[in-house]
Amino acid sequence: MRNGRRNFLAAGLVALASLATAQVASVCPVTNVCFKLNIPQNTASSGNGDIFFQISAPDTYNWVALGQGNSMSGSNIFVMYTDGNGNVTLSPRLGTGHNMPQLNSDAQVTLLEGSGVSNGKMVANVRCSSCNSWSGGTASFSGNNGNWIYATKQNGGAIDSTSQSANIDQHDDHATFSWNYANAKGGSSVNPLVNSGSSSSGSASGGASPTSCVPRPAGAAASGGSATGTATSGGSSGATSTKSDDDNDSWTHLTARPTARPTGNPWEDNDKRELAEREDINYCDENDPSNSGFTPISSSGSTSNTKKMIIAHGTLAALAFVIFFPFGAIAIRLASFTGVVWFHAAFQVFAYIVYIAAFGLGIHIANEYQMLSETHPIIGIVVFAVLFFQPILGFLHHAMYKKYQTRTVWSHLHLWTGRAAVTLGIINGGLGLQLADRMNMSSRSGMIAYGVVAGVVWLAWVAAMVMGEKRRTRAVKYAGSPREVSETQPAGGHYAPKENGS
C-alpha cells in the first residue's frame, strides 16, 4: 500500500512537472541559437506584468540578441555576450534604425539562476518587468502571438566585457518572426527556465552558474514534438525505458516477495519513473527542431537580394519621375512637331509602365519588412492610384478641347493631377532614400546626387510649364477668331489661343 501511494505520488509529480514545462515555448531559428519564453498566467490574463525568456548560444559567438518589435527601428532589444568571468552580460538596448542600439537604462530586467557560461554555451535567463512598454513601442501578452526579432554576430570572438554599453559590431544574421504564445502561457511568476525550484537572481551583467548539461544518449529521444515547442518535455512520448526487467528499484527494500500477483503491469510505474528521470536530465541539445511556433517574417538570408530589389526599385522609380515623366511633359509644352500630342501620350504611358515595375518591387519589399505603414510606401500607393487615371483624363482633355476649342474641367484635372503627382513622386524618392538609409541600404553620396539631379530637373520642368503658358497667352493676339485646330498645329493642345473672356 505504501509503495502504491509512493508510485501514485511520483506519477502526480511527473504530471505536475509536465504542466510546468509546458509553460515554456522554445524556438531555435538557427543551429545552436535558441530562445525560450514564459508568460505567467497573471500576465497572460491582464496583458501586463512580468515575462521570462532565455537566450542561449555557443560561447564562441560575439553576441546574440532577442528583441520585441517588427524591425530594428523602435524595438526593445536584449543583447547577451560573455563577461570574461564565466558569466554573461545582459545589455538592454533600444533600436534606433540600422545603427548600433543604445543602452536602455530604464529597462527593468533581472538575470536569474541558470545564467552563465558552461559546456560551450552562454545562457541568459531573464525576468523582464518592463516588456509591456518601452520608448518606441508597446506589447501585450494577452494575445495569441507577438512579433519579435533576433540577431547574431557569430564571428569576431567573445566580447568578454561587463559593460552593458560595450560597442558591438553589426550582425551577420538576423530575422523578424512571429512567436506563437500558445505554449508560453501559464504558471506563477517564478523562474520557469531552470529545473530547480529556486529562483535566486543575479546582477544585470552576470548571474549564477548555469545549469550543467550532459550529452543525450543514443537511446534517449530528443524532446520537442510539441506543435509549438516546449522547454524540456514536449516529446516525452518518444522516450523509452532502457532498464532490464529485474531493475525495479521500488522493490529492493522489501524483505519478502509479494504473495499476490499484480493486477496490472508491474513495470508500468517503473517506466513512468524512468521517463520522469529522463525528463529531469538537462541534455545539451535543444528541443523543438520543428520550430512550428516560429513564423519568419523576414530574414538576413535574403538581405543581398533585398538590397538588389531596393536598388532596382529606386532606379526605376527615379527614372520614371526624374527623367521620363518630366521629359514627356516638357515635350508637349515646348516641342512643335507633327504628332507631338501622341508622342506625349505614348511617352507618359511608357513612364507609367516603368513606375508599375518600381511599384511592384516596392510593395513586395514593404510587405516583407512590415513597412506598409511608413510614409514612403503610402505616398507611393497614392501616386500609383492617381496616375492610373491620367491617360483617361488626358483623352477627355484632348477630346473636349477639339470639340469646344478651349480648355475644360477635364483639361485642368489632367494638368494639375500630373503636376501634383510628378512633384509628389520626386519628393517621395527622397523619402525612399531616407527609409533605405534607416535599413543601412543607402549612401550619403547617393542621397545628395538624387537631391541635386531631381531638383534641377524639377526646376527645368517648372520653367517649361511657365514658358508654355506664356506661349499660349501670346498666341491669342494672332488668332482673329476661333478656328478648327488639328493635332499637327504647334499652337494646339495645351497652348491653343485663349478665347476672349476665357
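Just add 166 to wherever you are in the sequence shown, counting from 1, and you've got the working numbering. The C-beta atom is built at its ideal place from N, Cα and C for all residues, glycine as well.
What residue from the options has the CA that sits closest to residue i's CA?
i, options, result
"N236", "L203, A317, D272", "A317"
"I547", "T304, M613, G595", "G595"
"Y247", "T504, W624, T541, Q320", "Q320"
"F555", "L579, S211, S284, T541", "L579"
"G560", "L203, W300, G598, V575", "V575"
"W627", "H479, A532, F490, M537", "F490"
"M266", "K473, A231, S354", "A231"
"G584", "A565, K474, L562, V552", "V552"
"V520", "D326, F550, K568, E534", "F550"
"I544", "E534, L597, P492", "L597"
"G480", "I531, L256, S192, T209", "I531"
"Y535", "Q268, L601, N357, E279", "L601"
"N298", "G252, G612, G352, F218", "F218"
"T262", "E279, V618, D603, F516", "D603"
"I593", "S611, G612, A620", "A620"
"A517", "H542, L482, S539", "L482"
"I496", "A629, N333, K202", "A629"
"K202", "N357, A586, S296, M633", "N357"
Ends of the alpha helix (DSSP H) at residue i?
i, result
"A517", "506-534"
"G584", "575-604"
"G282", "That residue, G282, is in no alpha helix (DSSP H); its beta strand (DSSP E) goes 282-284."
"F554", "541-554"
"I496", "491-500"
If you follow the beta strand (DSSP E) that residue i is part of, which residue opens it and which one closes it?
i, result
"T255", "254-260"
"S192", "191-196"
"G323", "That residue, G323, is in no beta strand (DSSP E); it is neither H nor E in DSSP."
"I243", "242-248"
How big is the Cα-Cα spacing for residue i and residue j?
i, j, result
"N471", "D339", "14 Å"
"Q189", "D272", "28 Å"
"S609", "F487", "20 Å"
"V588", "L599", "17 Å"
"C194", "N270", "26 Å"
"N349", "V292", "18 Å"
"Q207", "S354", "6 Å"
"W314", "G494", "46 Å"
"M238", "S327", "23 Å"
"V196", "S211", "31 Å"
"L256", "K473", "31 Å"
"W345", "M475", "27 Å"
"V507", "I498", "6 Å"
"I614", "P557", "33 Å"
"N533", "G303", "20 Å"
"I221", "S331", "18 Å"
"C200", "V623", "52 Å"
"M607", "I477", "9 Å"
"N253", "V283", "5 Å"
"H510", "S539", "34 Å"
"Y347", "S611", "44 Å"
Would you decide whether residue i is buried or exposed? Buried here means 16 or more other CB atoms lie within 10 Å of its CB.
i, result
"D249", "buried"
"T394", "Per-residue confidence for T394 stands at a pLDDT of 32, beneath the threshold of 50, marking its modelled position as unreliable; the derived number appears in the next sentence. Result: buried."
"K636", "exposed"
"P428", "For P428, the pLDDT reaches just 44, beneath the cut-off of 50, and the residue's location in the model is therefore unreliable, although a value from the coordinates is still provided. It is exposed - the Cβ of P428 has fewer than 16 other Cβ atoms within 10 Å."
"G505", "exposed"
"R573", "buried"
"A512", "exposed"
"Q514", "buried"
"Y570", "exposed"
"G526", "exposed"
"A524", "buried"
"G400", "Low per-residue confidence applies at G400: pLDDT is 31, beneath 50, and the placement is therefore not dependable enough to give any value."
"M537", "buried"
"N242", "buried"
"L625", "exposed"
"F503", "exposed"
"D216", "buried"
"V618", "exposed"
"T209", "buried"
"T342", "buried"
Give me whichever residues DSSP pairs with residue i in a beta bridge.
i, result
"T318", "V230, D339"
"Y616", "Answer by DSSP bridge pairing: none, since Y616 is not bridged."
"L269", "R259"
"R293", "F218, T276"
"K351", "I205"
"V199", "V196"
"K287", "P224, S284"
"G303", "W300"
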